[in-house]
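Let me begin by presenting the structure, written as structure tokens, before commenting on it.
Number of protein chains: 2
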Amino acid sequence: MGRSAGGTGVRRSMGDAFHSDCPARMVLDHVTSKWGVLILAALRKRDLRFFELRGRIEGVSEKMLSQTLRMLVRDGLIRRTVSPASPPQVSYGLTALGAALAEPLDTLLERVRTRARQVLAAQRAHDAR
Amino acid sequence: MGRSAGGTGVRRSMGDAFHSDCPARMVLDHVTSKWGVLILAALRKRDLRFFELRGRIEGVSEKMLSQTLRMLVRDGLIRRTVSPASPPQVSYGLTALGAALAEPLDTLLERVRTRARQVLAAQRAHDAR
DNA sequence: CAGCATCCTATTGGATACTG
DNA sequence: CAGTATCCAATAGGATGCTG
């Protein structure tokens with residue numbers, strides 16, 4: 079059966095889909111979400127503003143950027159700071175909690191980058207049969 | 079523009095959606111996929127058979143397990159070994175390439191586990207407003 | 001045991017347009 | 001600049017049933 083009748087109406091925002099039981103699984107999904115990884119890794123070097131993030135993370139839409147940012151801020155992994163100015167200035171940075179998770183993610187990212195070609199080669203070899 | 083006309087018929091299996099340009103992004107998505115993380119981390123200790131993986135990774139369906147496994151094998155991150163026996167015996171293990179990526183993933187997983195409660199607390203604090 | 005095929009829904013996420 | 005809202009398409013992924 080499952081939620082054949084559309085569920086009992088629980089309608090949370092994002093990523094809380096079915097983690098009511100295992101919190102770790104929820105955090106993992108937030109953190110390894112398509113844009114979450116890239117955002118967390120990008121913020122390791124220094125705090126960044128919205129448009130800086132958008133520029134650094136290729137292919138992200140404003141919608142997904144703000145949506146993911148909101149989620150990670152709620153999770154306490156990212157801190158949002160607003161400086162009162164005429165052109166609004168908002169910057170995002172890692173909290174201690176966020177930094178602890180961003181570190182292995184950044185390591186992963188580096189390793190993925192240096193090995194992407196090998197994976198491509200493996201795929202071609204595999205498909206050759 | 080984009081794929082308004084349904085694309086030119088390119089129909090690959092999984093995860094290759096729109097990574098024709100950036101291989102690293104594709105690898106990242108495979109590796110941080112919902113079940114990919116868990117599979118890679120689970121195989122760090124030792125090789126496991128299909129049913130062992132299914133047992134260790136709570137909530138995974140056979141479909142997603144075999145689908146993700148197939149993808150990771152194609153990527154050259156996981157090695158699939160078949161022992162000829164009357165009840166078929168297939169075991170999965172990390173390749174050197176897979177191990178390099180599984181390590182930071184496992185670190186991430188550990189950190190997520192120990193910090194899940196803090197995230198939950200942050201969410202509650204955030205929602206209180 | 002170790003899977004694959006089919007059917008179907010929920011979630012992801014892109015495009016576009018608008019706001020403080 | 002820093003978003004939000006709406007609409008819509010693609011995909012992830014669960015349920016179920018079958019096979020070597």
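For the record, the sequence lines run as chains W and G.
The opening position of the first sequence corresponds to residue 79 in my numbering, with each subsequent residue numbered one higher.
The opening position of the second sequence corresponds to residue 79 in my numbering, with each subsequent residue numbered one higher.
Beta carbons are placed, not taken as given, at the ideal position from N, Cα and C, and that holds for glycine.
Given residue i as reference, the closest of the options once Cα atoms are compared
i, options, result
"Thr110(G)", "Arg202(W), Ala178(W), Pro182(W) and Ala206(W)", "Pro182(W)"
"Gly114(G)", "Leu143(G), Val190(G) and Gly133(G)", "Leu143(G)"
"Ala200(W)", "Leu131(G), Ala180(G) and Arg152(G)", "Arg152(G)"
"Cys169(W)", "Leu187(W), Arg195(W) and Phe128(W)", "First, the residue type needs correcting, since residue 169(W) is Ser and not Cys in the sequence shown. Taking only the C-alpha atoms, the option nearest Ser169(W) is Phe128(W)."
"Ile156(W)", "Val105(G), His204(G) and Ala178(G)", "His204(G)"
"Leu116(G)", "Glu188(G), Pro166(G) and Ala206(G)", "Glu188(G)"
"Leu147(G)", "Leu186(G), Pro166(G), Thr173(G) and Pro165(G)", "Thr173(G)"
"Met149(W)", "Arg122(W), Leu106(W), Pro165(W) and Arg134(W)", "Leu106(W)"
"Gly154(W)", "Leu175(W), Gln145(W) and Cys100(W)", "Leu175(W)"
"Leu121(W)", "Arg158(W), Pro165(W), Ala206(W) and Arg202(W)", "Arg158(W)"
"Glu130(G)", "Ala163(G), Pro101(G) and Gly171(G)", "Gly171(G)"
For residue i, the three-state DSSP class (helix, strand or coil)
i, result
"Val160(W)", "strand"
"Ala206(G)", "coil"
"Asp107(W)", "helix"
Residue environment, residue i, which counts as buried when at least 16 other CB atoms sit within 10 Å
i, result
"Ala119(G)", "buried"
"Gly137(G)", "exposed"
"Thr192(G)", "exposed"
"Arg103(G)", "buried"
"His108(W)", "buried"
"Lys160(G)", "Residue 160(G) is actually Val in this sequence, not Lys. It is exposed - the Cβ of Val160(G) has fewer than 16 other Cβ atoms within 10 Å."
"Ala180(G)", "buried"
"Asp125(G)", "exposed"
"Asp99(W)", "exposed"
Chain W within 8 Å of residue i, Cβ atoms only
i, result
"Lys123(G)", "no"
"Val138(G)", "no"
"Lys112(G)", "yes"
"Thr185(G)", "yes"
"Gln167(G)", "no"
"Leu175(G)", "yes"
"Leu198(G)", "yes"
"Gln201(G)", "yes"
Min CB distance residue i to chain G below 8 Å
i, result
"Leu106(W)", "yes"
"Arg193(W)", "yes"
"Leu179(W)", "yes"
"Val206(W)", "Going by the sequence as given, residue 206(W) is Ala instead of Val. No - not a single Cβ of chain G is within 8 Å of the one on Ala206(W)."
"Ala119(W)", "no"
"Arg134(W)", "no"
"Arg152(W)", "yes"
"Val190(W)", "yes"
"Val160(W)", "no"
"Ala163(W)", "no"
"Val115(W)", "yes"
- Item | 4-residue-minimum alpha helix (DSSP H) runs that sit fully inside the region 115-194 of chain G, ordered along the chain | 128-134 and 140-152
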